[in-house]
Each structure stands twice: as structure tokens, then as C-alpha cells.
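**Student:** Would you mind keeping the following structure in view while I ask a few things?
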Amino acid sequence: MRSMPASVGDSSCSALSRFSLFALGIMPYVTASIIFQVLAVAVPSLERLQKEGEAGYAKITQYTRYLTVVLAAAQSTGYAFLFKQSNVLQNVNAGRLMIIIVTLTGGTTLLMWMGEQITKRGIGNGISLLIFASILAYAPSGISGWINGGTSARLFFPLVALGIVVSVVFVMEGQRRIPIQYARRQLGNRQTSGGSTYMPLSVVMAGVIPIIFAAAILAVPQTVGTFKPSWNVWLTQNFNPTAWKYLLAEALLIMMITYCYTSVIFNPVYQADNLRKYNGYIPGIRPGPPTAAYFDRVLNRLTFPGALFLASVAVAPSIFIAQFHFNQATYRALGGTSVLIVVGVALQTMRQMESQMVMRHYEGFLR
13 MRSMPASVGD SSCSALSRFS LFALGIMPYV TASIIFQVLA VAVPSLERLQ KEGEAGYAKI
73 TQYTRYLTVV LAAAQSTGYA FLFKQSNVLQ NVNAGRLMII IVTLTGGTTL LMWMGEQITK
133 RGIGNGISLL IFASILAYAP SGISGWINGG TSARLFFPLV ALGIVVSVVF VMEGQRRIPI
193 QYARRQLGNR QTSGGSTYMP LSVVMAGVIP IIFAAAILAV PQTVGTFKPS WNVWLTQNFN
253 PTAWKYLLAE ALLIMMITYC YTSVIFNPVY QADNLRKYNG YIPGIRPGPP TAAYFDRVLN
313 RLTFPGALFL ASVAVAPSIF IAQFHFNQAT YRALGGTSVL IVVGVALQTM RQMESQMVMR
373 HYEGFLR
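The numbering of the sequence shown is my numbering, which starts it at 13 and goes up by one.
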């Protein structure tokens, strides 16, 4: 029997190079949740569920769990066939294949449950923190690969990484503040005073979701390749994470998903109607359709540079790593996608910790 890491490495499935219960990771759940977020806009019944509040959200979450199990089972089946075709396991029968499928699917289901428990009982988004932890797990081997591998250009890599981290923080924290004025309202026998505030629109409103979803989509061809061994050579050449075709596809996907996901989480018409409902308006802009058009115009101006930034930062370090011949461990730990996810999740968690401290009347640490 061949060693599992060698066989899996030959088939370009690095996700299973250290085969374990959690070999599939949390990506099936991420894919399922984003699919339902997109469907909630296109399917009227899901849109109605989304507007039902807590009960509707619980129902959509349940559907997401079911789809996660289906996606994990499909991916597990692909890897089970991969083991059989690569002679990782000898005398493979239906029973052994079923054990592999059930084990891998069960691992993803357990991760899904753990992520939900972290979200419910801890600080931050549990799924994002699990992805954060999985990337950091590769950090020691990635740093070792940087120190011992590559050319003399590796000396400049810390400067490149530092520049990327600073730029990610700067852009992720950047926002366009739209002034909002509230008119006085008559509530029974009393009149509420108006006031002014602002609506913050982030430059990268979609956060790290486009990065994660693009990575999930680009993992599909390799999974499909496990069912068709004749495709494996072509997939290895063109969907290697350092191949130019892969990087180009990743950049385009990130930009497309950024636009789509931003339109899902921020609906200009809904925001304009909601603003009018509470007697709010933008100074110089009429309520209703003109306000929606204004939101749409501002959103387009913010989304394009934000999407371009995400795509550039995701691809640039990967090009640097490939150009100067760093190993795969360095790519997984220090590649552009990894840096974006780690920094983005860290910022999101810090903001949530800050809000928790303020709610409990402690002094915040973000100034």
C-alpha cells in the first residue's frame, strides 16, 4: 500500500495530504450558506422566510445544514474514488468506501456544529474563526518553508507581507459616511425631536466572503477530477494554485462575487424605503426612488475599487511565492487568500469584542 500523503500529493489533492476526520474542512458549509444567501434574493419563498425574523432564519439555517451534508457526502464520495484509483487502499469494497464517506461527512458535520456553538456562546463568527484557525495551523510550516526555501528574494517577503497586511486593514476599515437627517415625529401626545447621524458604507462591504467562496468554487474542478482520472493531468496543470490560469480565474471570480454578494447584503430600494419609514432622509436628496438611486450610485463607486483590491491582494502574494519558488506550505500559510482571510476575520472579531465590552460598560480597546 502506498503512503497516503504521497498518493494524495500525486493527485494534487493537498487538502487531504494530512488525512483526518476533518479533512474536508468547513468549506461545504460555507458553500451551502452562501448558496442560500443568493437564493434568498432569487426565490420568493426563501425571501419571505428571511423576512419572518428569528423563525425564518432558523428554517433557512436548517436547510443550510441539510445542503451541507449533501455537499460533504458528494465531496467525500469523490475522495473515496480517488483513494481507490490511486491504490491508497487495497481490496476496496463497498463497505470500506461507505466508511470513508460517512467518516468525512461526519467530520464536516461536527465542524459545522462546533462553529455554530462558537457563534452562539463565544465571541465572533464561529465558522470564520474555524477557517482562521485552519490557516494558522499551516503558519509554522509556511514560515519554515520561507526561511529554508526560495531564492534570496525571500528576504523581501516580510516587507511584502507587512505592506499587504497594512493595506488590508486600511481598506477594510475604510467607509463612506452618508449623512442622515431625521424629521420630528408625532407619537401620540408627544413629539419626538429629530436628529442627525450617518450611514457607514464600507469600501469592502462583502468582507472576506468573496475570497472564501471563490476558493470553494475553484476546489470543485479538483473534486470532479477524482471521478475522471483522465482529467487529472489537465486539472493539475491548469488549476494548480500558482498557475496563471488559476490566478486569473480567482481574480475574476472574486470581483464577480463581490458585486453579487454586496447587492445581496445591501439593497438600495429596501434601505431607501426603511429610511423613509422612520422619517429619515439624506440632505439634498428626495426620499423614495431618488434616495435608492443615490445609494446605488454610491455603492457602485465603492464596490469596484473594493473588488479590485480584494482580487489584487489575493493574487499578488501568490505570484510572488510562485515566482521565487517557495513550497506549497508557504503558499497555504502566507498566500494572498490566507492573508486576507486571517486579517479580515481578526478585524471582524475585534469589532465584535469591542461592541461586547462597550455593552458591558467596559472601556473599549479600539481607538
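Beta carbons: idealized from backbone N, C-alpha and C, even for Gly.
In angstroms with no decimal places, state the Cα-to-Cα distance between G68 and A92.
**Tutor:** Cα to Cα, G68 sits roughly 36 angstroms from A92.
**Student:** By Cβ distance below 7 angstroms, which residues in the same chain neighbour I331 in space, the five residues on each side in sequence not counted?
**Tutor:** Correct list, in chain order: L259.
**Student:** If you follow the alpha helix (DSSP H) that S88 is in, where does it begin and where does it stop?
**Tutor:** Counting along the chain, the alpha helix (DSSP H) containing S88 begins and ends at 66-97.
**Student:** Locate the alpha helix (DSSP H) running through Q49, then write down its first and last residues.
**Tutor:** Taken as a continuous stretch (DSSP letters only), the alpha helix (DSSP H) holding Q49 covers 39-54.
**Student:** In angstroms with no decimal places, state the Cα-to-Cα distance between M365 and Q102.
**Tutor:** Going by the C-alpha atoms only, they are around 51 angstroms apart.
**Student:** Considering Y282, what are the terminal residues of the beta strand (DSSP E) in which it resides?
**Tutor:** From DSSP, Y282 is part of no beta strand (DSSP E) but of the alpha helix (DSSP H) over 280-289.
**Student:** Is the segment 72-86 in contact with the segment 114-125, if contact means three or more CB pairs nearer than 8 angstroms?
**Tutor:** At 8 angstroms Cβ cutoff, the stretches touch.
**Student:** Using DSSP with H/G/I as helix, E/B as strand and the rest coil, what is T209?
**Tutor:** It is a strand residue.
**Student:** Looking only at its chain, what residues have a beta carbon closer than 8 angstroms to the beta carbon of L123, apart from the 5 residues adjacent to it on each side?
**Tutor:** Closer than 8 angstroms at the Cβ level, and outside the excluded window around L123, lie F34, G37, I38, Y41, L142.
**Student:** If distances are taken between C-alpha atoms only, which option among T361, G296, S350 comes closest to L148?
**Tutor:** Comparing Cα positions, the closest option is S350.
**Student:** Take L79 as the anchor and find which of Q49, G90, R60, P222 has the nearest alpha-carbon.
**Tutor:** It is Q49 whose Cα lies nearest to the Cα of L79.
**Student:** By DSSP, does G292 sit in helix, in strand, or in coil?
**Tutor:** Of the three classes helix, strand and coil, the one that applies to G292 here is strand, per DSSP.
**Student:** Could you compute how far the alpha carbon of T209 sits from the alpha carbon of E128?
**Tutor:** Each residue's Cα considered, the two are about 34 angstroms apart.
**Student:** Can you tell which of G186, M369, F316, P56 has the C-alpha that lies nearest to the C-alpha of M268?
**Tutor:** M268 has its Cα closest to that of F316, out of G186, M369, F316, P56.
**Student:** Short of 7 angstroms in beta carbon distance, which residues of its chain neighbour R288, apart from the five on each side in sequence? Order them along the chain.
**Tutor:** Cβ neighbours of R288 beyond the five flanking positions: P299, G300.
**Student:** For the beta strand (DSSP E) holding R189, just list the boundary residues, first then last.
**Tutor:** Counting along the chain, the beta strand (DSSP E) containing R189 begins and ends at 187-194.
**Student:** Secondary structure at S214, three-state DSSP: helix, strand or coil?
**Tutor:** Residue state, collapsed to three classes: strand.
**Student:** How far does the alpha helix (DSSP H) with F144 in it reach, from first residue to last?
**Tutor:** Here the alpha helix (DSSP H) through F144 covers 138-148.
**Student:** Looking only at its own chain, which residues have a Cβ that is under 7 angstroms from the Cβ of V327, when we skip the five neighbours before and after it?
**Tutor:** Excluding positions up to five away in sequence, the list reads L259, E262, A263, G348.
**Student:** Between I223, V215, P280, which lies nearest to G318 when the distance is taken from Cα to Cα?
**Tutor:** Of the candidates I223, V215, P280, the one whose C-alpha sits nearest the C-alpha of G318 is V215.
**Student:** When you compare the CB positions of A231 and Y273, do they come within less than 8 angstroms of one another, or not?
**Tutor:** Not a contact, by the Cβ cut-off of 8 angstroms.
**Student:** Going by C-alpha distance, which of M369, K132, L320 is nearest I266?
**Tutor:** It is L320.
**Student:** Can you tell me whether Q335 is helix, strand or coil according to DSSP?
**Tutor:** Residue state, collapsed to three classes: helix.
**Student:** Can you list, in chain order, the residues of its chain whose CB lies under 7 angstroms from that of S146, leaving out five sequence neighbours each side?
**Tutor:** Excluding sequence neighbours, S146 sits near G37.
**Student:** Which term fits G207, buried or exposed, when burial requires 16 or more other beta carbons within 10 angstroms of its beta carbon?
**Tutor:** That one is exposed.
**Student:** Just mark D22 as buried or exposed, buried being the case when its beta carbon has 16 or more other beta carbons within 10 Å.
**Tutor:** Reliability fails at D22, whose pLDDT of 34 lies under 50, so the model's placement of it is uncertain and no value is given.
**Student:** Less than 7 angstroms between C-beta atoms, sequence neighbours within five positions excluded: which residues of the same chain meet that for Q368?
**Tutor:** Cβ neighbours of Q368 beyond the five flanking positions: I135.
**Student:** From P280, V281, G175, pick the residue whose C-alpha is nearest to that of S324; which is it?
**Tutor:** It is G175.
**Student:** With a Cβ-Cβ cutoff of 8 angstroms, do G356 and M110 count as a contact?
**Tutor:** Not in contact: G356 and M110 (Cβ atoms no closer than 8 angstroms).
**Student:** In the DSSP assignment, find the alpha helix (DSSP H) that holds Q102 and state where it starts and stops.
**Tutor:** First-last for Q102: undefined, no H or E at that position.
**Student:** Provide the residue span of the alpha helix (DSSP H) that contains I297, from first to last.
**Tutor:** I297 -> no alpha helix (DSSP H), and no H or E assigned at all.
**Student:** According to the neighbour-count rule (16 or more other Cβ atoms, all chains shown, within 10 Å of its Cβ), is I221 buried or exposed?
**Tutor:** Buried.
**Student:** Work out the CA separation of W125 and P253 for me, nearest whole Å.
**Tutor:** Roughly 30 angstroms separates the two Cα atoms.
**Student:** Within 10 Å of its beta-carbon, does A304 have 16 or more other beta-carbons around it, so buried, or fewer, so exposed?
**Tutor:** Burial call: buried.
**Student:** Among Q62, P233, R60, I130, which has the Cα closest to the Cα of G90?
**Tutor:** Checking every option, the nearest Cα to that of G90 belongs to P233.
**Student:** So, F225 versus I353, is the Cβ gap smaller than 8 angstroms?
**Tutor:** Contact: no.
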